[in-house]
Amino acid sequence: SPSDPDLVERARAAKEKLGDKVFVLGHHYQRDEVIQFADVTGDSFKLARDAAARPEAEYIVFCGVHFMAESADILTGDDQKVVLPDLAAGCSMADMATAEQVAECWDVLTEAGIAEQVVPVSYMNSSADIKAFTGKHGGTICTSSNAERALNWAFEQGEKVLFLPDQHLGRNTAVRDLGMSLDDCVVYNPHKPNGGLTVEELRAAKMILWRGHCSVHGRFSLDSVNDVRERIPGVNVLVHPECKHEVVAAADYVGSTEYIIKALEAAPAGSKWAIGTELNLVRRLANRFAPEGKEIVFLDKTVCFCSTMNRIDLPHLVWTLESLADGQLVNRIEVDRETEQFAKLALERMLALP
Ligand code: 13P
Ligand code: SF4
Numbered sequence: 048s049p050s051d052p053d054l055v056e057r058a059r060a061a062k063e064k065l066g067d068k069v070f071v072l073g074h075h076y077q078r079d080e081v082i083q084f085a086d087v088t089g090d091s092f093k094l095a096r097d098a099a100a101r102p103e104a105e106y107i108v109f110c111g112v113h114f115m116a117e118s119a120d121i122l123t124g125d126d127q128k129v130v131l132p133d134l135a136a137g138c139s140m141a142d143m144a145t146a147e148q149v150a151e152c153w154d155v156l157t158e159a160g161i162a163e164q165v166v167p168v169s170y171m172n173s174s175a176d177i178k179a180f181t182g183k184h185g186g187t188i189c190t191s192s193n194a195e196r197a198l199n200w201a202f203e204q205g206e207k208v209l210f211l212p213d214q215h216l217g218r219n220t221a222v223r224d225l226g227m228s229l230d231d232c233v234v235y236n237p238h239k240p241n242g243g244l245t246v247e248e249l250r251a252a253k254m255i256l257w258r259g260h261c262s263v264h265g266r267f268s269l270d271s272v273n274d275v276r277e278r279i280p281g282v283n284v285l286v287h288p289e290c291k292h293e294v295v296a297a298a299d300y301v302g303s304t305e306y307i308i309k310a311l312e313a314a315p316a317g318s319k320w321a322i323g324t325e326l327n328l329v330r331r332l333a334n335r336f337a338p339e340g341k342e343i344v345f346l347d348k349t350v351c352f353c354s355t356m357n358r359i360d361l362p363h364l365v366w367t368l369e370s371l372a373d374g375q376l377v378n379r380i381e382v383d384r385e386t387e388q389f390a391k392l393a394l395e396r397m398l399a400l401p
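Here full-length UniProt numbering is used: the first residue of the sequence shown is 48, the next is one more, and so on.
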């Protein structure tokens, strides 16, 4: 069983044997049984920065999903090895934009005569290939904690933005933070010829949103917001910007996982909160803040864990740490040099955002 005290002891012993050679990063959506072994926890932005700030660690064990481990590999030194405890820990949103589809989209924009005005902005939740495309075309990466700054920067470089692959984060940031209208945004569907858009629509748009979404956050609905407000009078609704626009528009607060944690830390005793993000994090926060008299509930009980985040469990972590402690390098995530070079450009533009 994952909470098996024997496994806990084995993870602890292997980590101790590795000492400073290993650095364990844990995304906030990871299971408690894994998070207890993280040297640092964070949102996607913080983890990317922290991975880059550990040049002395030979092994970076990334408890998160594949695109995060790729980003860590891109940002760390060549002699540092990034390890993902279960190679099946992908992200359905990142899979919604492939290199071929994005290259085809760029051809469509070129044929419409607008490619020169377009700056790509790609969400961290994308493959290294998409990040490389972004770097090559003068764009930047963003996370949910700096999307507003990334978009402002992009609109200083060009007149239009191609936002990949999360349409919701793109739309929410454009409308909520940059004051655009919904009509300024169009959705490019990679499964339709010309993205399902006319040349006129492409030319008129300011934000070209890729038709991708998070399978977890996409399930929160306006009904879940209305229901919780009825059930818990005075509740504060706090959601992640990967939620649909109508959910974000009805919420009281919106932000990244790190923002959500900070907001709850600052919340007064007796306050009530409904949180729209992944369940591992919401449960951990509910337990952590209950003794302080803060009531924290999950926004919608029908939404479940992120299944790929949950693939990293204690047995996989134990196997990884014991293998590394025995001198066996397992599950290394390594981005090829050319991809890395251009993806790094895009990631460094993000890290340099004002
Ligand atoms: P953040 O931790 O950056 O808010 O990202 C959320 C997410 O969905 C990661 O997969
Ligand atoms: Fe991907 Fe959504 Fe899971 Fe994050 S929560 S890893 S965006 S599927």
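We put the CB at the ideal spot given by N, CA and C, even for glycine.
Quiz prompt | Sequence-ordered residues whose beta carbon comes within less than 7 angstroms of a heavy atom of the ligand SF4 | solution = Y76, V112, C138, S139, M140, A141, N172, C261, S262, V263, H264, E289, E325, C353, T355, M356
Quiz item: What whole-angstrom Cβ distance do L311 and K348 have, given they're in contact under 8 angstroms?
Solution: That belief does not hold up - the Cβ atoms of L311 and K348 are roughly 19 angstroms apart, past 8 angstroms.
Quiz prompt | As assigned by DSSP and simplified to three states, the class of S50 | solution = coil
Quiz item: How is E163 classed by DSSP in three states: helix, strand or coil?
Solution: helix
Quiz item: Since L256 sits in a beta bridge, which residues does DSSP pair it with?
Solution: F210, V234
Quiz item: What does DSSP give as the partner residues of T187 in its beta bridges?
Solution: V168
Quiz item: What residue range is occupied by the uninterrupted alpha helix (DSSP H) comprising I307?
Solution: 304-313
Practice problem: Give the secondary structure of R78 by DSSP, where H, G and I count as helix, E and B as strand, and everything else as coil. | Solution: coil
Quiz item: In three-state terms, what does DSSP make of T145?
Solution: coil
Quiz item: Cβ of H215 within 8 angstroms of any heavy atom in the ligand 13P?
Solution: no
Quiz item: Helix, strand or coil: how does DSSP classify N241 here?
Solution: helix
Practice problem: Collect the residues with a C-beta less than 5 angstroms away from any heavy atom of the ligand 13P and give them in sequence order along the chain. | Solution: D90, S91, T190, S191, S303, T304
Exercise. Taking M143 as the reference, give the member of H238, Q164, K93 with the closest Cα.
Key: H238
Exercise. Using alpha carbons as the reference points, say which of L285, L72, S303 lies closest to A296.
Key: L285
Quiz item: V222 to G89, Cα distance in whole Å?
Solution: 26 angstroms
Exercise. Thinking I380 and E117 are a contact (beta carbons under 8 angstroms), I'd like their distance in whole angstroms, please.
Key: 6 angstroms
Practice problem: Give the DSSP bridge partners of I343, in chain order. | Solution: W320
Exercise. Leaving aside the five residues before and after T220 along the sequence, list all residues of the same chain whose C-beta is less than 6 angstroms from its C-beta, in chain order.
Key: A194, E195, L198
Self-check item: Nearest neighbour of L346, chosen from T355, T367, R278 [CA to CA]
Solution: R278
Quiz item: What is the residue span of the beta strand (DSSP E) that V130 lies within?
Solution: 128-130
Quiz item: Secondary structure at G73, three-state DSSP: helix, strand or coil?
Solution: strand
Self-check item: Strand pairing of R379, partner residues [DSSP]
Solution: V130
Quiz item: Where does V282 fall in DSSP's three states?
Solution: coil
Quiz item: Looking at the structure shown, is V112 part of a helix, part of a strand, or coil, going by DSSP?
Solution: coil
Quiz item: Of all the options E158, A162, G186, which has the alpha carbon lying nearest to the alpha carbon of Y170?
Solution: G186
Quiz item: Can you tell me whether DSSP reads I359 as helix, strand or coil?
Solution: coil
Practice problem: Please report how far the alpha carbon of W153 lies from the alpha carbon of A146, in whole angstroms. | Solution: 11 angstroms
Quiz item: What are the residues that DSSP puts in a beta bridge with V295?
Solution: V295 pairs with nothing; no bridge assigned.
Practice problem: Measure from the alpha carbon of F180 to the alpha carbon of each residue in P401, A390, L398, L394, then state which is nearest. | Solution: A390
Practice problem: Leaving aside the five residues before and after L65 along the sequence, list all residues of the same chain whose C-beta is less than 8 angstroms from its C-beta, in chain order. | Solution: Y106, L368, L371, A372
Quiz item: For F70, which residues from the same chain have a beta carbon less than 6 angstroms from its beta carbon, with the 5 sequence-adjacent residues on both sides left out?
Solution: D86, R101, A104, I107
Quiz item: Between the stretch 203-220 and the stretch 235-253, are three or more C-beta pairs nearer than 8 angstroms?
Solution: yes
Quiz item: Based on Cα-Cα distance, which residue from S268, G243, H264, L72 lies nearest to W257?
Solution: G243
Exercise. Report buried or exposed for K291, applying the criterion of at least 16 other Cβ atoms within 10 angstroms of its Cβ.
Key: buried
Exercise. Please go through the same chain and pick out, in chain order, the residues whose beta-carbon is closer than 8 angstroms to the beta-carbon of R266, but skip the five residues on each side of it.
Key: D347, T349, V350
Quiz item: With 16 other CB atoms within 10 Å as the buried threshold, where does D67 fall?
Solution: exposed
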